[in-house]
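Following my numbering, the numbering of the sequence shown begins with 141 at its first residue and continues without gaps.
Just so you know, even glycine gets a beta-carbon here, dropped at the ideal spot from N, CA and C.
Single-structure report; data block below.
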Amino acid sequence: MTHQADKAITGGLVVADGRISPATVLITGDRISAVTDPSAPFRTGQIIDAKGKYVLPGIIDAHLHSVYLDRIDTLSRAAASEGITTLIPYVGSVKAWGVDKKLDQAMKDFIQEGNETSLIDFSLHCTLLAGDVEDCDQSIPAMIEMGIVSFKVFMAYRKRGMMVEDEQLLKIMSVIADHGGLLAAHAENGALIDYMERYFSSRNQQHPKYYGASHPELSEAEAVFRFLSLARTAGCDTYLPHLSTAKALDVVRLFRKWNGQKFYTETCPHYLLLNERVFTEMGSIAKMSPPLRQREDQESLWQAVAEGLIDVVASDHAASHSTQKMPQWDKVFSAPNGVPGMECLVPLMLKKGVMEGRTTLIRTVEQLCEKPAKIFGLYPRKGVIAKGADADIAIFDLAGSRELAATHPELKIDYSLYEKMTVTAPPDLVLLRGRTVATKGVPVIDGEAGPQGMFIAGKTAKTP
Numbered sequence: 141m142t143h144q145a146d147k148a149i150t151g152g153l154v155v156a157d158g159r160i161s162p163a164t165v166l167i168t169g170d171r172i173s174a175v176t177d178p179s180a181p182f183r184t185g186q187i188i189d190a191k192g193k194y195v196l197p198g199i200i201d202a203h204l205h206s207v208y209l210d211r212i213d214t215l216s217r218a219a220a221s222e223g224i225t226t227l228i229p230y231v232g233s234v235k236a237w238g239v240d241k242k243l244d245q246a247m248k249d250f251i252q253e254g255n256e257t258s259l260i261d262f263s264l265h266c267t268l269l270a271g272d273v274e275d276c277d278q279s280i281p282a283m284i285e286m287g288i289v290s291f292k293v294f295m296a297y298r299k300r301g302m303m304v305e306d307e308q309l310l311k312i313m314s315v316i317a318d319h320g321g322l323l324a325a326h327a328e329n330g331a332l333i334d335y336m337e338r339y340f341s342s343r344n345q346q347h348p349k350y351y352g353a354s355h356p357e358l359s360e361a362e363a364v365f366r367f368l369s370l371a372r373t374a375g376c377d378t379y380l381p382h383l384s385t386a387k388a389l390d391v392v393r394l395f396r397k398w399n400g401q402k403f404y405t406e407t408c409p410h411y412l413l414l415n416e417r418v419f420t421e422m423g424s425i426a427k428m429s430p431p432l433r434q435r436e437d438q439e440s441l442w443q444a445v446a447e448g449l450i451d452v453v454a455s456d457h458a459a460s461h462s463t464q465k466m467p468q469w470d471k472v473f474s475a476p477n478g479v480p481g482m483e484c485l486v487p488l489m490l491k492k493g494v495m496e497g498r499t500t501l502i503r504t505v506e507q508l509c510e511k512p513a514k515i516f517g518l519y520p521r522k523g524v525i526a527k528g529a530d531a532d533i534a535i536f537d538l539a540g541s542r543e544l545a546a547t548h549p550e551l552k553i554d555y556s557l558y559e560k561m562t563v564t565a566p567p568d569l570v571l572l573r574g575r576t577v578a579t580k581g582v583p584v585i586d587g588e589a590g591p592q593g594m595f596i597a598g599k600t601a602k603t604p
């Protein structure tokens, strides 16, 4: 049988189905029409030579905040240049994020913004605050009907009006469980953190070295245990973003041993590659929550990544301009939270993870592509190189290298925690639904059509 296709990617090593093997990827229209043996005959209008290179599914960044300095227009261009073809940002009616409108309108407005300005595809997580709980039995089903199937709550940040109490959590969980959705949580003990911040502030101890102490490891481990316990009671599937400590991983292992309700785990490159010494040196410019931890936590997290205890690695990009993060030394508790990193996610994991032997390419593709797509209802359309999937593909030459800069040409953010780190080169070619969106680290925008990214609705097990 001779396949007919619009495009053929030949000569490369294709990462698919949990293996790396020579294969030809055929694309017809916006979908992958076949993945064949290199010797299989085909006819095509265009051949893309990937000899000596790796052919990966388009990467998914499943955790970022496109509500600060950079929004989805600039973020999507930077993402495409690094091989990311789908973003899943957290969006909601959150005053701290500059949004003060009805929840459904906030989500609809963002979808419109993304459809008009994003270079790549996107889905959404819906953030729920304490004020959203009262009518969540109506709003959550409405969001799922829109294709927003994952939600997030905060177990901390009471002073910012974001913290959700256990009783409210159970109500949210029960509604999400009834409709087949998924609930994520910022899992830190809010009461403990507030107490420790007051304690240090009352003694004028607001140097960065006290910030980590105000978010102790047990704060995360306790909240993870409580969140998973409540979820099991309510029968709700859950997701644990930005895990940062070995103690939290101990809790994860315990609940996996106990079996029961499904839950998924995530960590971020900053917890894998940086520790609290960086925060002490850089000050509040490196402030995030949870904070950077100890070297021992980094080692435990890498082990969890390598063995698959961590399901997803994502950036948690939440970047303010460096001038907004000042003062660096004497008022750390008042400084904004969040650091940049979406633009570094892929090269860091390929270099520091794969090329330096901490994990494998198959595991990395699983955590950056396949599992995010499956967990958030985008599979098999996204996250995989297989017949019928969107032709989202990134071709990498892993022998290439570069040094990360303080800034990225597509972003407004003016600093990087990873400046001067040596990483892999950007992808040679990135396709979104069969169209070129980046070549050798430079985004490509159709001059007439403009950005062609679009909202991709997630599906639950109960979606018709």
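Bridge partner(s) assigned by DSSP for residue i
i    : result
K147 : I167 and Q186
L196 : A534
A220 : Bridge partners of A220: none, in fact.
L380 : T405
F262 : L227 and F595
T576 : L571
D153 : The sequence shown places Leu at residue 153, rather than the Asp named in the question. Paired residues: P162 and Y194.
E543 : T562
V452 : E406
F419 : Its beta-bridge partners do not exist; DSSP assigns none.
F340 : Answer by DSSP bridge pairing: none, since F340 is not bridged.
Beta carbon proximity, residue i to chain E, threshold 8 Å
i    : result
D277 : You won't find chain E in this structure, because it holds only one protein chain.
Cutoff 8 Å; reference residue i; Cβ partners in own chain excluding five residues on either side
i    : result
K191 : T150, G151 and G152
R575 : D170, D586 and Q592
K241 : S233 and D249
V273 : V304, Q308, K311 and I312
Boundaries (first-last residue) of the beta strand (DSSP E) holding residue i
i    : result
C266 : H265 to T267
A325 : L322 to H326
F536 : I533 to F536
A317 : Premise fails: A317 lies in the alpha helix (DSSP H), D306 to D318, not in any beta strand (DSSP E).
S161 : R159 to P162
Neighbourhood of residue i by C-beta, 7 Å cutoff - its chain only, sequence neighbours within 5 removed
i    : result
T385 : E357, E360, A361, R433 and D437
A459 : Y208, L209, D210, G478, V479, P480 and I553
Y189 : Here residue 189 is Asp; the residue named in the question, Tyr, does not match the sequence. Here the set comprises T150 and G151.
R298 : G330 and D334
Same chain, Cβ closer than 6 Å to residue i, five either side skipped, listed in chain order
i    : result
L332 : S359
P281 : H319
P181 : T142
R498 : W442
P197 : C509, G523, V524 and I525
I224 : I199 and D201
With 16 other Cβ atoms within 10 Å as the buried cut-off, status of residue i
i    : result
I187 : exposed
V582 : exposed
L394 : exposed
R573 : buried
Y404 : buried
S354 : buried
G254 : buried
D470 : exposed
R217 : buried
S263 : buried
A475 : buried
G158 : exposed
Helix, strand or coil at residue i according to DSSP, with G and I counted as helix
i    : result
V289 : coil
M303 : strand
P487 : helix
P583 : strand
T257 : helix
E372 : Sequence check: residue 372 is Arg here, not Glu. The answer is helix: DSSP assigns R372 an H, G or I state.
I333 : helix
L414 : coil
R393 : helix
A363 : helix
S173 : strand
A246 : helix
L204 : strand
V479 : strand
Residue range of the unbroken alpha helix (DSSP H) whose run includes residue i
i    : result
A459 : Unbroken run through A459: none, as it is neither H nor E.
L441 : R435 to E447
F595 : No alpha helix (DSSP H) contains F595, which DSSP labels as neither H nor E.
E274 : Unbroken run through E274: none, as it is neither H nor E.
I553 : That residue, I553, is in no alpha helix (DSSP H); it is neither H nor E in DSSP.
T504 : L501 to V505
I515 : K511 to I515
G497 : Looking at the DSSP string, G497 is not in any alpha helix (DSSP H), and its letter there is neither H nor E.
G352 : K349 to S354
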